[in-house]
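Participant: Let me begin by handing over the structure; questions about it come next.
In the working numbering, the protein residues as written are 93 to 132.
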(Lines of atoms letter the chains of each structure in order from A; the text may use other names.)
(Lines give C-alpha, C1' and ligand atoms only; values in the text may rest on other atoms or scores of the structure.)
Protein backbone atom coordinates (compact mmCIF):
# COMPACT_ATOMS: atom_id res chain seq x y z
CA UNK A 93 0.00 0.00 0.00
CA UNK A 94 1.47 3.35 -0.96
CA UNK A 95 1.51 6.35 1.39
CA UNK A 96 -1.13 8.09 -0.74
CA UNK A 97 -3.60 5.26 -0.15
CA UNK A 98 -2.85 4.83 3.55
CA UNK A 99 -5.24 6.20 6.14
CA UNK A 100 -4.05 9.40 7.82
CA UNK A 101 -2.26 8.98 11.14
CA UNK A 102 -4.38 10.10 14.07
CA UNK A 103 -2.95 12.41 16.73
CA UNK A 104 -4.04 14.14 19.92
CA UNK A 105 -2.64 17.63 20.49
CA UNK A 106 -1.97 18.69 24.10
CA UNK A 107 -0.80 22.31 24.48
CA UNK A 108 -1.67 24.92 27.12
CA UNK A 109 -1.39 27.96 24.85
CA UNK A 110 -4.48 28.23 22.64
CA UNK A 111 -2.85 30.04 19.71
CA UNK A 112 0.07 27.63 19.63
CA UNK A 113 -2.36 24.69 19.81
CA UNK A 114 -4.34 26.05 16.85
CA UNK A 115 -1.12 26.47 14.85
CA UNK A 116 -0.01 22.92 15.65
CA UNK A 117 -3.41 21.53 14.63
CA UNK A 118 -3.34 23.46 11.34
CA UNK A 119 0.23 22.37 10.58
CA UNK A 120 -0.51 18.71 11.32
CA UNK A 121 -3.71 18.78 9.26
CA UNK A 122 -1.87 20.28 6.29
CA UNK A 123 0.78 17.56 6.65
CA UNK A 124 -1.88 14.87 6.29
CA UNK A 125 -2.53 13.95 9.92
CA UNK A 126 -6.01 13.56 11.39
CA UNK A 127 -6.25 15.53 14.63
CA UNK A 128 -8.78 13.63 16.73
CA UNK A 129 -8.69 15.89 19.77
CA UNK A 130 -7.17 18.87 21.51
CA UNK A 131 -6.39 19.32 25.18
CA UNK A 132 -5.05 22.20 27.25
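Cβ atoms here follow ideal geometry from the backbone N, Cα and C, with glycine treated the same way.
Computed from a prediction, not measured in an experiment: that's the story for all the values here.
Alpha carbons only, please: which of 122, 124, 123 and 112 is nearest the one belonging to residue 140?
Facilitator: Because the chain is modelled from 93 through 132, residue 140 falls outside the range shown and cannot be assessed.
Participant: Following the continuous alpha helix (DSSP H) through residue 110, name the residue where it begins and the one where it ends.
Facilitator: Where residue 110 is concerned, the enclosing alpha helix (DSSP H) stretches over 110-122.
Participant: Helix, strand or coil, according to DSSP, for residue 131 in the structure here?
Facilitator: Looking at residue 131 - three-state DSSP - the assignment turns out to be strand.
Participant: Got a sec, what are the start and stop residues for the beta strand (DSSP E) residue 102 sits in?
Facilitator: Taken as a continuous stretch (DSSP letters only), the beta strand (DSSP E) holding residue 102 covers 102-106.
Participant: What would DSSP say about residue 126, mapped onto helix, strand or coil?
Facilitator: Strand, per DSSP.
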